[in-house]
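Visitor: Residue numbers (our numbering), protein chains in the order written: chain A, 1 to 101; chain B, 102 to 202. Where a beta carbon is used, it is the ideal one built from N, C-alpha and C, also for glycine. Handing you this structure, nothing more for now.
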Amino acid sequence: MSAQLAAVAPRYKTGDRVRVRKTAPLGHIRTPYYIRGHVGEIERLCGAFPNPEELAQMRSGLPAQPLYRVRFRQKDVWSDYRGPDTDVVEIEIFQHWLEKA
Amino acid sequence: MLERGHHDMGGLPAGKVERTEHDYPQWERRVDAMVQLLRMGKKITVDELRKNIEQLPPEAYDKLTYYQKWISSLTQTLIQRGIITTEELGRKMEEVERRVR
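What follows is the structure, encoded as structure tokens:
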């Protein structure tokens, strides 16, 4: 489906370090609140999909936004995390929510 | 200042998760069918439905059951899309009220 859609070019590649924007606009936001402001690493590019924030406002969501799976260290996300250092949480985040870290 | 949405509760302390099963009453099956058909027919998007669930007042969000949230959101969405009017909805509610009285 995403192949035929006009899409924004991907800016990041696997291994890049990115910071999630810390903002709170109105409407339907797919980026969980708890991860905003945290730094993670691009695990993979998942494809490009219409922007859900625009779709929620009854618009096309085009051009499609690249969607990445981003890996965060649990210890970085939760200050009181008691599991092993190697534990990670992976979250799918659209490109417009990411900045180079 | 816009902050965490009420629905966006990842990482917040939570009580015990009660795992229960129940049979779906007919009206819940109907809500599910309406949502699926309207999405398949590209009349609405899941993103609009999510937005309208997330805009429920916090007390309603906590109190309503799963399909009560869906029917509330679906109604909003159909009105916003112009598929039904508030006039039609009001008349129909009166008619149903009379039928069950």
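P32 (chain A) CB to nearest chain B CB: under 9 Å?
Guide: Here residue 32 (chain A) corresponds to residue number 32 of the first sequence, with the count starting at 1. Yes, contact with chain B.
Visitor: For a test of the three-state rule: what should DSSP assign to K143 (chain B), helix, strand or coil?
Guide: Sequence index remark: in the second sequence, residue 143 (chain B) carries index 42 (1-based). Three-state result, K143 (chain B): coil.
Visitor: Classify H28 (chain A): buried if its beta carbon has 16 or more other beta carbons within 10 angstroms, exposed otherwise.
Guide: Sequence index remark: in the first sequence, residue 28 (chain A) carries index 28 (1-based). Under a 10 Å Cβ-count criterion, H28 (chain A) is classified as buried, with 16 or more other Cβ atoms of the shown protein chains found around its own Cβ.
Visitor: Flag this pair as touching only if the segment 71-85 of chain A and the segment 119-130 of chain B have three or more C-beta atom pairs under 8 Å; answer yes or no.
Guide: The segment 71-85 of chain A, when compared against the segment 119-130 of chain B, does not touch it at the 8 Å Cβ threshold.
Visitor: Given that a residue counts as buried once 16 or more other Cβ atoms are within 10 Å of its Cβ, and exposed if not, what is Y68 (chain A)?
Guide: The residue labelled residue 68 (chain A) in the question sits at position 68 within the first sequence. Y68 (chain A) comes out buried.
Visitor: Decide if the segment 148-155 of chain B is in contact with the segment 11-28 of chain A; the criterion is three or more beta carbon pairs, one per stretch, under 8 Å apart.
Guide: yes
Visitor: So, for Q65 (chain A): in the same chain, excluding its five sequence neighbours on each side, which residues have a beta-carbon less than 7 Å away from its beta-carbon?
Guide: Along the first sequence, read from residue 1 onward, the residue named residue 65 (chain A) stands at position 65. The residues are V8, A48, F49, N51, F94, Q95 and H96.
Visitor: Within this structure, are the beta carbons of W171 (chain B) and V197 (chain B) separated by less than 9 Å?
Guide: By one-based count along the second sequence, residue 171 (chain B) stands at place 70. By one-based count along the second sequence, residue 197 (chain B) stands at place 96. It is not a contact, given that the beta carbons lie outside the stated cut-off.
Visitor: Between the segment 112-123 of chain B and the segment 133-148 of chain B, do three or more beta carbon pairs fall short of 8 Å?
Guide: no
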